[in-house]
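Structure, as structure tokens:
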Amino acid sequence: MKKILGLLLLVLALPVLADAPEWETAYGEVESAIKAPAFASKDYVITRFGAKTDATAAKNQRAINKAIAYCSKNGGGRVVVPAGEWKTGAIRLQSGVNLVVEKGATLLFVFDTNLYPLVRTRWEGMDCYNYSPCIYGENVKNVGITGDGTIDGGASKDCWWFMTGVDRLGYKEGLENCKYTGSRNKLLKMVSEQTPLKERVFGKGCGLRPQLINIVSGQNILIEGVTLLRSPFWVIHPLFCKNLTVRNVKIWNEGPNGDGCDPESCDGVLIEGCTFHTGDDCIAIKSGRNQDGRADGRPSQNIIVRNCNMEDGHGGVVIGSEIAVGVRNVFVENCYMDSENLDRVIRIKTNPCRGGVTENVFVRNVQVGRCGESVLKINLDYDHKEQCCRDYPPMVRNIWLEHVTCNQSNFGVLIVGMPDKDNVYGIHVKDCKFSGIRQQTVKVTGLAHGLDLF
1 MKKILGLLLL VLALPVLADA PEWETAYGEV ESAIKAPAFA SKDYVITRFG AKTDATAAKN
61 QRAINKAIAY CSKNGGGRVV VPAGEWKTGA IRLQSGVNLV VEKGATLLFV FDTNLYPLVR
121 TRWEGMDCYN YSPCIYGENV KNVGITGDGT IDGGASKDCW WFMTGVDRLG YKEGLENCKY
181 TGSRNKLLKM VSEQTPLKER VFGKGCGLRP QLINIVSGQN ILIEGVTLLR SPFWVIHPLF
241 CKNLTVRNVK IWNEGPNGDG CDPESCDGVL IEGCTFHTGD DCIAIKSGRN QDGRADGRPS
301 QNIIVRNCNM EDGHGGVVIG SEIAVGVRNV FVENCYMDSE NLDRVIRIKT NPCRGGVTEN
361 VFVRNVQVGR CGESVLKINL DYDHKEQCCR DYPPMVRNIW LEHVTCNQSN FGVLIVGMPD
421 KDNVYGIHVK DCKFSGIRQQ TVKVTGLAHG LDLF
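Going by this note's numbering, the residue at position 221 of the sequence shown is 221; the numbering climbs one at a time, nothing skipped.
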């Protein structure tokens with residue numbers, strides 16, 4: 001304890017870095033660069049293409065994909081899912097299409113692995129071919145998923161979640177899973193050895209669960225209004241996307257690895273007015289895992305999160321852990337977070353396998369009722385048992401929290417630096433009020449400097 005307190009006094013005595021950039025200028029530049037999609041004013045109702053509420057999932061899947069293809073080919077517009085429950089398999093978005101799930105409508109994705117063909121994606125930041133996400137798009141421009149209806153991934157202990165290989169999540173001997181088949185470890189090894197993508201083929205029998213929504217290499221994307229439930233894996237996963245807006249979306253997903261929205265290697269993201277209740281991180285900003293991230297070389301950047309409500313989750317706004325190329329220029333404001341099952345408010349997690357630079361993160365006007373561990377946690381030794389090349393020390397710098405209040409937590413600020421590298425600096429916590437602290441307001445282990453706290 002004396003050693004920790006001595007280190008804290010030392011870092012607090014070091015010079016403070018330059019002031020934060022003017023919020024309005026930097027924030028405005030990011031906001032103005034995010035372009036919403038435009039859609040033709042033509043409607044294509046899925047019933048015209050053969051969809052029926054009493055049809056099989058396979059038949060509805062063909063009808064909905066036919067409607068999307070026809071809409072895109074004819075200049076784009078709205079593919080409308082009217083009121084009713086529509087069982088289906090994987091849906092593939094195409095350019096110019098706004099998939100509208102109307103009020104009273106539910107797109108229900110059934111558990112039949114035959115209905116989820118192989119597509120190119122990333123799984124936990126690693127490139128591979130895997131089961132198609134429930135809604136998928138690649139190399140698309142001007143696409144939307146909107147409406148007041150519900151998109152239900154249908155996952156439970158009986159569907160998808162048991163693929164973790166964990167008994168409490170429904171696994172029974174003989175079921176497809178990634179734990180006992182070693183699929184996850186096999187993919188990690190392929191990343192380490194940089195196995196060509198064409199050889200990284202998973203899917204049937206491998207147990208790598210698909211995302212609910214995954215758009216790869218998209219531009220001008222809108223996800224608005226819909227309620228998203230019971231995802232097999234991550235809920236919204238934009239990958240290599242530019243100009244993405246996620247607005248007024250309600251996410252309820254208590255499943256394993258049930259992240260709410262995970263922009264990965266994206267540029268220009270606005271997440272606003274959303275409600276998150278998740279089994280993992282509410283929002284997790286990423287940029288690829290280890291060698292795959294570094295080989296691609298695209299950071300996530302220019303991201304705004306505002307007016308959101310975070311309930312259950314491992315973290316409210318999280319950066320990492322798949323973060324090999326770093327994250328920069330993140331703005332979080334006017335959010336409310338409160339739950340006995342919310343572990344952290346702002347979290348940065350990485351390790352020397354991932355590397356990357358996390359910088360220019362600005363948080364203001366965030367109200368927190370309860371969180372379990374800490375308001376701000378920075379951890380440079382996350383997943384410390386990971387077996388990989390650990391030659392890429394991460395760096396975290398220029399992090400600002402202003403006017404953040406919290407009524408109950410174990411810690412205010414918790415920093416886990418590296419024991420031999422001074423790679424955390426420029427951490428500013430100003431005009432914040434943390435009450436109900438059960439352990440310590442500030443705890444620092446490892447090396448850090450340039451801390452300007454309270």
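The beta carbon of each residue, even a glycine, is placed where N, CA and C say it ideally should be.
On a predicted model such as this, the values are computed, not experimentally measured, just so you know.
- Environment of Val269 [buried if 16+ CB atoms lie within 10 Å]: Position 269 of the sequence shown, counted from the first residue, corresponds to residue 269. Burial call: buried.
- Same chain only: Cβ atoms within 6 Å of Lys377, ignoring 5 sequence neighbours per side: Translated into positions along the sequence shown, residue 377 becomes position 377. Sequence-distant Cβ neighbours of Lys377 in its own chain, meaning closer than 6 Å and more than five residues away, are Arg344, Arg347 and Leu414.
- Query: Per DSSP, Trp234 is paired with what?
  - Reply: Translated into positions along the sequence shown, residue 234 becomes position 234. DSSP, once it has assigned bridges, lists no residue as partnering Trp234.
- Option nearest Lys103 by Cα separation, candidates Lys73, Ile64, Asp148 and Val119: Taking the sequence shown and counting its residues from 1, one reaches residue 103 at position 103. When only C-alpha atoms are compared, the closest one is Asp148.
- Query: Taking the runs of the beta strand (DSSP E) that are 3 residues or longer, which of them lie wholly in the stretch 34-83?
  - Reply: 43-45 and 77-81
- Item | Spatially closest choice to Ala40 from Arg78, Asn65, Thr53 and Val30, by CA coordinates | Stepping through the sequence shown from its first residue, residue 40 is reached at position 40. Minimum Cα distance to Ala40 is reached at Arg78.
- Message: So the candidates are Leu212, Leu244, Lys385 and Lys198; which of them puts its Cα closest to the Cα of Asn220?
- Response: Taking the sequence shown and counting its residues from 1, one reaches residue 220 at position 220. For Asn220, the nearest C-alpha among the options comes from Leu244.
- Query: What are the start and end residues of the alpha helix (DSSP H) that includes Glu311?
  - Reply: In the sequence shown, the residue the question calls residue 311 occupies position 311. Where Glu311 is concerned, there is no enclosing alpha helix (DSSP H), given that its DSSP letter is neither H nor E.
- Own chain, CB closer than 6 Å to Ala67, minus 5 neighbours either side, in chain order: Here residue 67 refers to the residue found at position 67 when the sequence shown is read from its first residue. Tyr44, Ile46, Phe49 and Val79.
- Through-space distance from Ala63 to Asn94, alpha-carbon basis: One-based indexing of the sequence shown puts residue 94 at position 94. One-based indexing of the sequence shown puts residue 63 at position 63. According to the sequence provided, residue 94 is Gln. The question's Asn does not apply to it. Looking at the two C-alpha atoms, the distance is approximately 14 Å.
- Message: For the beta strand (DSSP E) containing Glu333, name the first residue and the last one.
- Response: One-based indexing of the sequence shown puts residue 333 at position 333. Val327 to Glu333 is the extent of the beta strand (DSSP E) around Glu333.
- Message: Closest to Val442 by C-alpha separation, out of Asp383, Val375 and Asn407, would be which residue?
- Response: The residue given as residue 442 occupies position 442 in the sequence shown. It is Val375.
- Query: Does the Cβ of Ala295 have 16 or more other Cβ atoms within 10 Å, making it buried, or fewer, making it exposed?
  - Reply: Within the sequence shown, residue 295 is the residue found at index 295, counting from 1. With fewer than 16 other Cβ atoms within 10 Å, it is exposed.
- Please determine, among Ile215, Asn329 and Gly316, the residue with the shortest C-alpha to C-alpha distance to Arg397. Mapped onto the sequence shown, residue 397 falls at position 397. The shortest Cα separation from Arg397 among Ile215, Asn329 and Gly316 belongs to Asn329.
- Message: Would the stretch 234-244 count as touching the stretch 186-205 if we require 3 or more Cβ pairs under 8 Å?
- Response: no
- Near Gly75, what residues of its chain come up, given a Cβ to Cβ distance below 8 Å and the 5 sequence neighbours on each side ignored? The residue labelled residue 75 in the question sits at position 75 within the sequence shown. So the list reads Ala40, Lys42 and Gly96, once near-sequence residues are dropped.
- Message: Which residue marks the beginning of the beta strand (DSSP E) containing Arg294, and which one marks its end?
- Response: Mapped onto the sequence shown, residue 294 falls at position 294. In this chain, Arg294 is not harboured by any beta strand (DSSP E); it is covered by the alpha helix (DSSP H) spanning Asn290 to Asp296.
- Within 10 angstroms of its Cβ, does Cys371 collect 16 or more other Cβ (buried), or is it exposed? The count along the sequence shown starts at 1 and reaches residue 371 at position 371. Buried, because 16 or more other Cβ atoms sit within 10 Å of the Cβ of Cys371.
- Query: Between Met337 and the rest of its own chain, which residues show a CB-CB distance below 6 Å, the 5 nearest in sequence each way excluded?
  - Reply: Locating residue 337 in the sequence shown gives position 337, counting from the first residue. These residues qualify, in order along the chain: Met310, Gly316, Val345 and Val368.
- Message: Threshold first: 3 residues or longer. Then list the beta strand (DSSP E) segments lying entirely within the stretch 179-207, N to C.
- Response: none
- Message: Please classify Phe454 as buried or exposed, where buried requires at least 16 other C-beta atoms within 10 Å of its C-beta.
- Response: Reading the sequence shown from its first residue, position 454 is the one you call residue 454. By the 10 Å Cβ count, Phe454 comes out exposed.
- Message: Using only CA atoms, which one of Thr150, Gly293, Val363 and Val357 lies nearest to Trp123?
- Response: Stepping through the sequence shown from its first residue, residue 123 is reached at position 123. Comparing alpha-carbon positions, the option among Thr150, Gly293, Val363 and Val357 lying closest to Trp123 turns out to be Gly293.
- Item | Residues near Leu14 by beta carbon distance below 6 Å, same chain, minus five either side | Your numbering for residue 14 matches position 14 in the sequence shown. The predicted position of Leu14 is uncertain, since its pLDDT is 32 and thus under 50; a value taken from the coordinates is nonetheless stated next. Contacts found: His449 and Gly450.
- Message: On a Cα-Cα basis, can you pick out the residue from Gly273, Asp158 and Cys206 that is closest to Cys178?
- Response: What you label residue 178 is simply residue 178 of the sequence shown in a count that begins at 1. Nearest C-alpha to Cys178: Cys206.
- What residue from Val318, Val226 and Leu208 has the CA that sits closest to Asp259's CA? As a first step, residue 259 must be located in the sequence shown, where it is residue number 259. Cα-wise, what sits closest to Asp259 is Val318.
- Distance between Thr88 and Leu99 (C-alpha atoms, nearest Å): The residue given as residue 99 occupies position 99 in the sequence shown. The residue given as residue 88 occupies position 88 in the sequence shown. Cα-Cα distance, rounded: 14 Å.
- Quick one: residues in its chain with C-beta nearer than 7 Å to the C-beta of Ser183, no 5 flanking neighbours on either side, listed in chain order? Locating residue 183 in the sequence shown gives position 183, where the first residue counts as 1. Excluding positions up to five away in sequence, the list reads Phe202, Cys206, Gly207 and Leu208.
- Task: Examine the Cβ distances between the stretch 168-178 and the stretch 262-277 and report whether three or more of them are shorter than 8 Å.
- Result: no
- Message: Let's see if you can read the secondary structure: which residues bound the beta strand (DSSP E) around Arg370?
- Response: Looking up residue 370 in the sequence shown gives position 370. Run containing Arg370: Val357 to Arg370, per the beta strand (DSSP E) assignment.
- Task: Report back the beta-carbon spacing between Val332 and Val305 to the nearest angstrom; my notes put them in contact at under 8 Å.
- Result: Residue mapping note: residue 332 aligns to position 332 of the sequence shown, counting from 1. Residue mapping note: residue 305 aligns to position 305 of the sequence shown, counting from 1. Yes, Val332 and Val305 are in contact; Cβ-Cβ is about 5 Å, under 8 Å.
- Task: Under 8 Å Cβ to Cβ from Ile91, same chain only, skipping five residues before and after it: list those, please.
- Result: As a first step, residue 91 must be located in the sequence shown, where it is residue number 91. Cβ neighbours of Ile91 beyond the five flanking positions: Gln61, Ile64, Asn65, Ile68, Leu99, Leu107, Cys134, Ile135 and Tyr136.
- Of the residues Val444, Val166, Cys159 and Pro352, which one's Cα is nearest the Cα of Val416? The residue you call residue 416 lines up with position 416 of the sequence shown. Val416 has its Cα closest to that of Val444, out of Val444, Val166, Cys159 and Pro352.
- Message: Since Arg455 and Ala284 should fall inside the 8 Å C-beta cutoff, what is the C-beta to C-beta distance between them, to a whole number of angstroms?
- Response: The requested residue 455 does not occur in the structure, where the chain is confined to residues 1 to 454.
- Query: Skipping 5 residues on each side, what residues in its chain have a beta carbon closer than 7 Å to that of Leu115?
  - Reply: As a position in the sequence shown, residue 115 is number 115, starting the count at 1. Excluding residues within five positions, the ones whose Cβ falls inside 7 Å are Ala57, Ala58, Gln61, Gly89 and Ala90.
- Item | 6 Å Cβ shell around Ser72 - same chain, five flanking residues per side excluded | The residue labelled residue 72 in the question sits at position 72 within the sequence shown. The beta carbon of Ser72 is closer than 6 Å to those of Gln94, Ser95, Gly96 and Val97 in its chain, skipping five residues each way along the sequence.
- State buried or exposed for Lys349, treating a residue as buried only when at least 16 other CB atoms are found within 10 Å of its CB. Numbered from 1 along the sequence shown, position 349 holds the residue referred to as residue 349. Answer is buried; the Cβ neighbour count reaches 16.
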